[in-house]
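Engineer:
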Amino acid sequence: MSITLDQVTKRYEGSTVVNDVSLEVGEGEFFVLLGPSGSGKSTLLRAIAGLTGVDHGRIALHNQDVTHLSARERGVGLVFQNYALFRHMTVADNIEFALRVRRMRRAERIARRKELLRLVALEGMDDRLPTQLSGGQQQRVAVARALAHKPQVLLLDEPFGALDAKIREELRRTIRQVQRELKITTVLVTHDQEEAFALADRIGVMNLGRLLETGRPDELYARPATRFVATFLGAANLLLARQTPQGIHFGAMPVNARLAERLDGGRSHEVVAVLRPEEIELAPTRDTLKTNYIAQGVVEETIFTGALERMRVRLDHGSTGAQLAATDGNAGASIIEVTRTQHEHRTFPVSLGQAVAIGVRRIHVLPTPLSSYTAWAPDAAAAARLAEHPFLAELAARMKTRIACRPEPALDNPIDSDVQLDNISGVAVIEAHPEAIDRIEWLLHNGAGEVMVLPPLAGAPHRVLIHWADDSARRSTLAVAASLLRHVTAEAVYLGILPQNVSDTQRPMGVRSLLDARSEAQAVHGLDMRTELRFGVAAEELRRQLEDAPEQMLILGISDLDALHEGYGPLFAGATRHAMMVVYRPAGEAAGQQLIGEERLAMSES
Amino acid sequence: MNAVRAPSILPGFGMTLGFSTFFLCAIVLIPLAALVMRTATMGWEEFLAIVLDERAVASYRLSFGAALLAAFINSVFGFVVAWTLVRYEFPGRKLIDAFIDMPFALPTAVSGIALTAVFAENGPLGQLLAAYGIRVAYTWVGIVVALTLIGLPFVVRSVQPALLEVQRDLEDAAETLGAGRFYTFRRIILPTVLPALLTGFTMAFARGVGEYGSVIFIAGNLPFETEITPLLIVIKLEEFDYAGAAALGFIMLVISFVMLLSINLLQAWGRRRMVAAGR
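Chains A and B, in that order, are what the protein sequence lines are.
In terms of numbering that gives the first Met the number 0, the first sequence opens at residue 0 and continues consecutively.
In terms of numbering that gives the first Met the number 0, the second sequence opens at residue 0 and continues consecutively.
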């Protein structure tokens with residue numbers, strides 16, 4: 000491996016800028032780190048270069064640990080957004096800088112310089128000053144300068160940021176050519192997904208300091224695993240749907256019956272579906288659609304962009320009975336984006352305000368177990384108040400999902416007439432109070448998979464504690480934790496708790512389960528978490544940990560409702576400042592749930 | 000030049016040029032011309048006698064020597080101060096930044112008296128130094144100290160903006176290319192701020208040559224030893240020897256002009272050499 004990052008963490012003044020990033024970049028690979036500004040991608044690049052130290056983790060270049068080496072000693076080439084050329088030196092002196100530092104002989108220096116100038120197509124510019132060059136030329140000089148000392152890896156920090164579109168494209172091509180010719184391992188940082196697609200062998204998407212997903216550009220686009228990647232890499236409509244043994248439903252509308260055989264009869268549950276704008280078809284009526292009908296809609300906006308026509312279509316809930324809930328979480332919740340080719344436009348021209356039937360060619364279902372939130376409270380007003388809880392609102396906004404409000408039925412009426420088993424979907428959220436445990440049990444018993452207990456003052460956590468009552472809850476708990484942690488800047492800690500009087504022969508088992516948990520989190524979810532082993536009564540140990548510091552959150556996995564009451568009841572009875580989420584999958588069902596992760600629905604147009 | 004070809008949005012090039020010329024004449028050129036005229040009333044021999052008088056020559060050496068030395072000291076310390084202020088965030092940074100300008104605002108006599116109080120043999124610092132046999136007050140060292148105080152803001156204020164322009168990225172680039180700290184400083188940072196540093200040096204020097212108020216208190220004003228030329232001029236004036244005072248003033252004017260001109264030429268030459276290298 001050319002570059003190996005192992006659990007690299009960087010903090011600035013208490014906030015975690017780079018959070019447990021592990022990554023391997025292969026020999027000669029062109030890797031693009033993509034993310035919005037503030038996602039930590041530039042900091043990560045500077046850490047690789049050695050310009051920024053790391054607080055935790057290791058960095059290796061060509062299998063040699065360089066974590067504690069300075070930038071000087073690492074021998075990397077770095078290109079900056081603003082070129083950072085030495086303006087009082089000529090192009091030749093700039094390029095030869097690294098060679099002079101290394102006391103290379105004059106003849107060799109000149110030969111190397113000429114070679115580099117040829118490589119970046121700037122022959123004959125040796126004696127110019129940087130100020131006499133255009134922006135594109137300056138950046139070429141910067142690339143040549145960064146390559147002069149034959150670095151092991153080439154790092155580029157938003158190298159095209161300051162250039163206009165045309166020169167950008169030209170320079171992009173040059174850099175790709177140079178990279179191919181030298182076969183040098185390259186990492187480029189950008190916020191521009193088009194740039195990432197054009198250059199990358201592999202893309203890594205960062206957000207909130209975490210490396211969310213890595214993969215080939217086409218793979219990431221077609222099969223993102225997270226909402227963030229789905230929406231950041233191209234446009235995406237995220238819709239809430241139900242997955243049942245019969246297939247995917249948008250409201251009452253089953254989309255594809257063939258789906259059934261790929262599912263294994265688990266209970267019906269809510270999922271997040273990705274509909275790319277270009278996979279959506281519009282037609283005058285439902286019968287004229289060539290693809291799977293999902294709903295009626297009204298055209299709200301059309302924009303002509305040359306090759307494509309971009310539209311916004313408002314879904315009409317009433318017309319089909321389809322409860323189509325876009326997961327935007329805001330007022331424009333039921334607007335979906337559609338792009339059509341010129342050909343499609345000619346076949347079916349539409350005008351503003353026109354009613355259309357909406358079909359979809361291809362649906363991708365995100366493997367996230369957290370689809371949406373529902374605030375449960377004794378009455379509608381209290382539920383609405385709970386839905387406005389700052390932490391919940393922020394979490395929902397970051398997850399681009401909605402918060403629904405439900406008045407609770409009386410507890411002694413196990414299944415209320417309007418609360419269907421199916422209707423408890425997504426994460427149920429309740430306010431913390433001394434009898435919360437009864438409420439949790441009722442919700443879990445009636446079909447909820449996750450219940451979050453939210454004290455009024457709970458804020459965004461700095462640390463998320465993860466614990467499960469027994470190993471059969473591991474998978475589901477890790478999936479929920481990973482999904483949640485992608486949307487908060489917190490460190491993850493798994494607490495394994497063994498009884499105080501555990502025998503010596505059992506101790507290694509405890510350690511082993513920690514390692515299993517950690518490797519599963521890493522392998523399946525790309526989530527790096529710390530692990531700690533404690534001895535004592537689980538509930539007491541967890542309480543102690545929670546009282547230890549402010550701004551924490553607990554994720555507790557169980558596979559047996561009785562175990563919840565007996566083992567963890569006291570945890571919910573007392574006053575707490577921390578949000579706590581209970582993840583419940585009945586033992587036996589947990590295994591079946593896993594399939595959803597890899598589920599993808601590809602449908603032919605016919 | 001650009002103003003002639005491309006008028007700015009504010010009109011009135013003619014008016015502003017006229018005003019500048021008038022103002023320069025009224026405030027600078029005419030008084031200087033008067034000085035020259037006054038000197039011209041003297042005979043050649045008389046002029047030489049005053050100007051080449053041993054006491055006068057000693058005072059030139061002291062005035063220009065001390066100003067030059069102070070300007071050098073300021074170039075080093077002013078650079079460090081500017082560097083600290085630009086590069087580091089620390090509590091009290093704004094306050095220190097404001098203090099830099101104090102020598103500008105303080106009446107020079109006040110700083111002179113203050114320095115004398117501190118460096119006199121019974122003053123707090125003077126006592127300390129006296130223990131090592133170093134005398135500051137009433138020696139040429141005191142003069143250099145006073146001129147350093149007066150000149151510091153010039154260097155700091157001219158280097159500060161230049162340092163702001165040296166982006167961190169340049170140093171980072173140099174480091175990734177394998178340069179050590181000293182190499183980076185010598186080859187990257189210093190060349191970038193050198194013109195500004197030279198400007199600061201020139202201003203501090205010019206100010207030092209003309210300084211009077213702060214020096215006379217700390218200098219002790221012994222003829223041949225700690226007597227600066229401006230003081231000599233004042234002495235002549237007090238003796239109603241206006242012509243003599245004008246003659247000394249004229250000499251100061253000539254020497255200052257030659258020195259400032261050569262520094263400016265040096266700077267221009269440096270700039271040209273840099274551009275020439277680009278061809």
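Backbone N, C-alpha and C fix where the C-beta goes; we use that ideal spot for every residue, glycine too.
Between the Cα of Arg517 of chain A and the Cα atoms of A:Ala491, A:Arg533, A:Ala537, A:Gln505, which residue gives the shortest distance?
Structural biologist: For Arg517 of chain A, the nearest C-alpha among the options comes from A:Ala491.
Engineer: Within the 7 Å Cβ cut-off, does Pro190 of chain B reach chain A?
Structural biologist: True, the Cβ-Cβ gap to chain A drops below 7 Å.
Engineer: Taking C-alpha atoms, which residue in A:Lys40, A:Phe159, A:Ser482 lies nearest to Asn81 of chain A?
Structural biologist: When each option's Cα is compared against that of Asn81 of chain A, the closest is A:Phe159.
Engineer: Is there a C-beta anywhere in chain A that falls below 7 Å from the one on Gly177 of chain B?
Structural biologist: It does: the Cβ of Gly177 of chain B has a partner Cβ on chain A nearer than 7 Å.
Engineer: May I ask you to report which of helix, strand or coil DSSP gives Leu483 of chain A?
Structural biologist: Leu483 of chain A falls in the helix class under three-state DSSP.
Engineer: So for Pro123 of chain B, helix, strand or coil by DSSP?
Structural biologist: Reduced to three states, the DSSP call for Pro123 of chain B is helix.
Engineer: DSSP three-state call for Ile362 of chain A: helix, strand or coil?
Structural biologist: Strand at Ile362 of chain A.
Engineer: Can you name the start and end residues of the alpha helix (DSSP H) that Lys9 of chain A belongs to?
Structural biologist: Where Lys9 of chain A is concerned, there is no enclosing alpha helix (DSSP H), although the beta strand (DSSP E) it sits in stretches over 2-11.
Engineer: Ends of the alpha helix (DSSP H) at His524 of chain A?
Structural biologist: Residues 506-524.
Engineer: Where does Ser261 of chain B sit, in a helix, a strand or coil, going by DSSP?
Structural biologist: Note: Ser261 of chain B maps to helix in three-state DSSP.
Engineer: Could you tell me the distance, in whole angstroms, from the CA atom of His248 of chain A to the CA atom of Val312 of chain A?
Structural biologist: His248 of chain A and Val312 of chain A: Cα-Cα distance of roughly 20 Å.
Engineer: So is Pro150 of chain A buried or exposed if we call it buried at 16+ other beta carbons inside 10 Å?
Structural biologist: Pro150 of chain A is buried by the Cβ-count criterion.
Engineer: So which residues on chain B does Phe159 of chain A lean against when the C-beta distance must stay under 9 Å?
Structural biologist: What Phe159 of chain A touches in chain B: nothing, since even the nearest Cβ is about 16 Å away.
Engineer: Can you tell me the Cα-Cα spacing of Leu33 of chain A and Ala173 of chain B, whole angstroms?
Structural biologist: If you take the alpha carbons of Leu33 of chain A and Ala173 of chain B, they lie about 26 Å apart.
Engineer: Measure the alpha-carbon distance for Ile436 of chain A versus Leu369 of chain A and round it to whole angstroms.
Structural biologist: Spanning the two alpha carbons is a distance of roughly 21 Å.
Engineer: Please go through the stretch 48-131 of chain A and give each complete beta strand (DSSP E) segment of 3 or more residues, from N-terminal end onward.
Structural biologist: If we require 3 residues or more, the beta strand (DSSP E) runs fully inside the stretch 48-131 of chain A come out as 55-60, 76-78.
Engineer: State the Cα-Cα distance for the pair Ala481 of chain A and His524 of chain A, rounded to the nearest angstrom.
Structural biologist: Taking the straight line from one Cα to the other gives about 6 Å.
Engineer: Is His461 of chain A close to chain B? Criterion is C-beta to C-beta, closer than 7 Å.
Structural biologist: For His461 of chain A, the answer is no, since every Cβ of chain B falls outside 7 Å of its Cβ.
Engineer: Any contact between the stretch 142-154 of chain B and the stretch 202-211 of chain B? By contact I mean 3 or more CB pairs, one from each, below 8 Å.
Structural biologist: Touching, per the Cβ criterion.
Engineer: Say the cut is 6 Å; is the CB of Leu453 of chain A nearer than that to a heavy atom of the ligand NAP?
Structural biologist: In the structure shown, the ligand NAP is absent, as is every other ligand, since no ligand is present at all.
Engineer: Going by beta carbon distance, what residues of the same chain come within less than 6 Å of Arg261 of chain A, once the five residues before and after it are set aside?
Structural biologist: Any reading at Arg261 of chain A must be qualified, since the residue scores a pLDDT of 44, below 50, and its modelled position is unreliable; the value itself is stated next. If we look at Arg261 of chain A and ignore the five residues flanking it on each side, it has no Cβ neighbours.
Engineer: Checking the sheet assignment: what are the DSSP bridge partners for Asn291 of chain A?
Structural biologist: DSSP output for Asn291 of chain A lists A:Val359 as bridge partner(s).
Engineer: Mind checking if Val17 of chain A is an interface residue toward chain B, Cβ cutoff 7 Å exclusive?
Structural biologist: No, Val17 of chain A lies away from the interface with chain B (no Cβ there is under 7 Å from its Cβ).
Engineer: Answer yes if the stretch 212-223 of chain A comes into contact with the stretch 49-68 of chain A, meaning at least three C-beta pairs across the two stretches below 8 Å, and no otherwise.
Structural biologist: Verdict: no, contact absent.
Engineer: State the Cα-Cα distance for the pair Leu115 of chain A and Gln137 of chain A, rounded to the nearest angstrom.
Structural biologist: C-alpha separation (whole angstroms): 14 Å.
Engineer: How many whole angstroms separate the CB atoms of Leu210 of chain A and Pro223 of chain A, which I take to be in contact at a CB cut-off of 8 Å?
Structural biologist: So it is not a contact: roughly 14 Å between Cβ atoms.
Engineer: Checking contacts by CB at 7 Å: is Ala172 of chain B closer than that to chain A?
Structural biologist: Closer than 7 Å to some Cβ of chain A, the Cβ of Ala172 of chain B qualifies, so yes.
Engineer: Below 8 Å on the Cβ atoms is my contact criterion, and I expect Leu453 of chain A with Ala431 of chain A to pass it. Report the Cβ-Cβ distance as a whole number of Å.
Structural biologist: Confirmed, Cβ separation roughly 6 Å.
Engineer: Mind listing the chain A neighbours of Tyr182 of chain B? Cutoff is C-beta to C-beta under 7 Å, in chain order.
Structural biologist: What Tyr182 of chain B touches in chain A: Val100.
Engineer: Say whether chain A places a C-beta atom closer than 7 Å to the C-beta of Asp96 of chain B.
Structural biologist: Asp96 of chain B does not count as touching chain A.
Engineer: Helix or strand or just coil, what does DSSP make of Gly591 of chain A?
Structural biologist: Model confidence at Gly591 of chain A stands at a pLDDT of 42, short of 50, so the residue's coordinates are unreliable; what they give is reported in the following sentence. Gly591 of chain A falls in the helix class under three-state DSSP.
Engineer: Any beta carbon of chain B sitting closer than 7 Å to that of Ala586 of chain A?
Structural biologist: No - not a single Cβ of chain B is within 7 Å of the one on Ala586 of chain A.
Engineer: For His461 of chain A, which residues in the same chain have their Cβ closer than 6 Å to its Cβ, ignoring the five residues on either side in sequence?
Structural biologist: Excluding residues within five positions, the ones whose Cβ falls inside 6 Å are Ala489, Glu550.
Engineer: Output the distance between the C-alpha atoms of Arg339 of chain A and Gly495 of chain A, rounded to the nearest integer angstrom.
Structural biologist: Roughly 52 Å separates the two Cα atoms.
Engineer: Could you tell me the boundaries of the alpha helix (DSSP H) in which Ile29 of chain B lies?
Structural biologist: Run containing Ile29 of chain B: 29-39, per the alpha helix (DSSP H) assignment.
Engineer: Report, in whole angstroms, the separation of the C-beta atoms of Val154 of chain B and Asn73 of chain B, which I expect to be a contact under 8 Å.
Structural biologist: Going by Cβ atoms, the distance from Val154 of chain B to Asn73 of chain B rounds to 5 Å, so yes, they are a contact pair.
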